[in-house]
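Written below as structure tokens is the structure these notes are about.
Number of protein chains: 2
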Amino acid sequence: MPRVPADERRADLVQAAIQVATREGLAATTTRRIAQELGISVGIVHYCFRSKEELLHEVIRVIAEAQVVAARAAIVPGGDVATSVRNAFLGFWQLVEATPQAQLLTYELTTWALRNAETEPLAKEQRASQLAGIEAILADISAATGCEWKVATDQLARMTLAITDGVTLGWLADRDTASAVQSLEAFADQLLALAV
Amino acid sequence: MPRVPADERRADLVQAAIQVATREGLAATTTRRIAQELGISVGIVHYCFRSKEELLHEVIRVIAEAQVVAARAAIVPGGDVATSVRNAFLGFWQLVEATPQAQLLTYELTTWALRNAETEPLAKEQRASQLAGIEAILADISAATGCEWKVATDQLARMTLAITDGVTLGWLADRDTASAVQSLEAFADQLLALAV
DNA sequence: AAGGGTCTTGGACACTTGACCTACTCCACG
DNA sequence: CGTGGAGTAGGTCAAGTGTCCAAGACCCTT
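Protein sequence lines, in the order shown, are assigned to chains X and L.
This note's numbering numbers the first residue of the first sequence as 7 and each following residue consecutively.
This note's numbering numbers the first residue of the second sequence as 7 and each following residue consecutively.
As structure tokens, then:
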């Protein structure tokens, strides 16, 4: 096995953990399974991280970051407010449909993090970064189309996140794409009513 | 230990599993822990259920049922459409605030069920019963106030469930009650715009 | 070339998990 | 009665878990 600096190994381990967890679920993501994914021995995991929990902390951070980046990248700036908002939702939806297991993983990580006091702050952090990402998108739209929002953007962001989370979670269960898109469009229309 | 008919034992075990899972999380809900909760030996679990998974199936069913009942019970019928819808959301919210860990458990069960093919139908079933419950509430409101819905009630139910799920999940992380209620009220207003 | 950090290995550790089994106790019924 | 099945206790089992360690391999510096 090639010799790799510890910092790089750490990043590799985080990526491997994400891949395993996405593919096989958080419960199946053991230290052995992660090491196996990289073809290295288990000892390295604890050479690079104090504990498995510390690794998972890093996983949450990396995912939260990547999620916001992916969401913003998926959004094609349209001309007017209406198409911008629509594109934002549909771009997000494209991401969900392309990576359903990754979405499921975020919910697994959230519930895991919420289950004990030490990791709870991570769940808050994850949510804060999601909200910040949505606020940024709202600001983008505002800047690009010259519109204003009737409601405070942080409240708007919270509502948007609730919608996307709720629709995604529901779709993961019933896989009814048509209804999910229909819901998103209806919510997009309602959001538009708050632009001026 | 008192002697109890098997059917009753089964029900006891399901309740014990729910209590443990609610309090300590699904991951901590082992057969030993469940048996300990009732003060009985582990063997009984496998005497009453073919496997732990079969027990969890039952847990999902019982919870899905109880959830809908609790949600409907929490709703105080008001006079006009506006107060009815508002009460429905606030009644639901009262339930969430009173039993946050129980809500968390439903998300844990959903993600767990979605992670393998055999249990996936359970997640669909759980969701279907939630949607049916919400549709029933919408019908109640319609009947009590004589209003009609501009949009198909199944679509309305999906949107409502998305909202409540999304807001709940977010609140579990940040515990920002004021913002959560504000979101629910905003959504309630938008729902009202669809009543005629 | 020698030395000394830096990485890697494979195995061992103490423990928990779900599953299963056998010997037993109890009680209703014939 | 007493007998048979329903219910119980407690233990065993193999497999799996996170964690840790001693030993060696590697590579950069001197």
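C-beta: ideal position from N, C-alpha, C; glycine also.
Assign Gly85(X) to one of two classes, buried (16 or more other C-beta atoms within 10 Å of its C-beta) or exposed (fewer than that). Exposed.
Element boundaries [alpha helix (DSSP H), containing Asn93(L)]: Counting along the chain, the alpha helix (DSSP H) containing Asn93(L) begins and ends at 87-104.
With which residues is Ala33(X) paired in a DSSP beta bridge? According to DSSP, which records beta bridges pairwise, Ala33(X) is partnered with nothing at all.
Of the residues Ala158(L), Arg29(L), Ala80(L), Asp13(L), the one placed nearest Asn122(X), counting alpha carbons only: Closest in alpha carbon position to Asn122(X), among Ala158(L), Arg29(L), Ala80(L), Asp13(L), is Arg29(L).
Quick check: the stretch 125-140 of chain X against the stretch 125-138 of chain L, are at least 3 beta-carbon pairs closer than 8 Å? Touching, no.
Run the CB neighbour count on Gly49(X), radius 10 Å, all protein chains shown included, and call it buried at 16 or more, exposed below. Its Cβ having fewer than 16 others within 10 Å, Gly49(X) is exposed.
Compare the beta carbon distance of Ile147(L) and Thr112(L) with 8 Å and say whether it is the shorter of the two. In this structure, Ile147(L) keeps its C-beta atom at 8 Å or more from the C-beta atom of Thr112(L).
Proximal chain X residues relative to Gly176(L), where beta-carbon distance stays under 8 Å: By Cβ distance, chain X contributes Arg133, Arg164, Leu167, Ala168, Asp171.
Taking Thr117(L) as the query, report the chain X residues whose CB atoms sit under 7 Å from its CB, ordered along the chain. Identification of chain X residues near Thr117(L) by a Cβ-Cβ cut-off of 7 Å yields Leu110, Tyr113, Glu114, Thr117, ordered along the chain.
Could you list which residues in chain L have their beta carbon closer than 9 Å to that of Leu96(X), in chain order? Near Leu96(X) there are no residues of chain L at all, since even the closest Cβ is about 16 Å away, more than 9 Å.
Minimum Cβ-Cβ distance from Arg121(X) to chain L less than 8 Å: So, interface residue.
Using C-beta distances below 8 Å, list every residue in its chain close to Ala192(X), excluding the 5 sequence neighbours before and after it, in chain order. If we look at Ala192(X) and ignore the five residues flanking it on each side, it has no Cβ neighbours.
Ala76(L) (DSSP reduced to helix, strand or coil): The answer is helix: DSSP assigns Ala76(L) an H, G or I state.
Minimum Cβ-Cβ distance from Asp18(X) to chain L less than 8 Å: Contact with chain L is absent for Asp18(X), since none of that chain's Cβ atoms lies less than 8 Å from the residue's Cβ.
Would the stretch 41-56 of chain L count as touching the stretch 152-169 of chain L if we require 3 or more Cβ pairs under 8 Å? Verdict: no, contact absent.
What do you reckon, are the CB atoms on Leu200(L) and Phe95(L) nearer than 8 Å? No, the Cβ-Cβ distance between Leu200(L) and Phe95(L) is not below 8 Å.
Using alpha carbons as the reference points, say which of Pro11(X), Val65(X), Asp13(X) lies closest to Gln21(X). Nearest Cα to Gln21(X) within the set Pro11(X), Val65(X), Asp13(X): Val65(X).
Might you give, ordered along the chain, the residues of its own chain that have their beta carbon closer than 8 Å to the beta carbon of Leu137(X), omitting 5 neighbours on each side? The residues are Asp160, Ala163, Arg164, Leu167.
Among Ala23(X), Ala33(X), Asp13(X), Ala186(X), the one whose alpha carbon lies nearest that of Leu120(L): Just measuring C-alpha positions, the residue of Ala23(X), Ala33(X), Asp13(X), Ala186(X) sitting nearest Leu120(L) is Ala33(X).
Determine the DSSP secondary structure at Ala22(L), reduced to helix, strand or coil. Ala22(L): helix per DSSP, three-state reduction.
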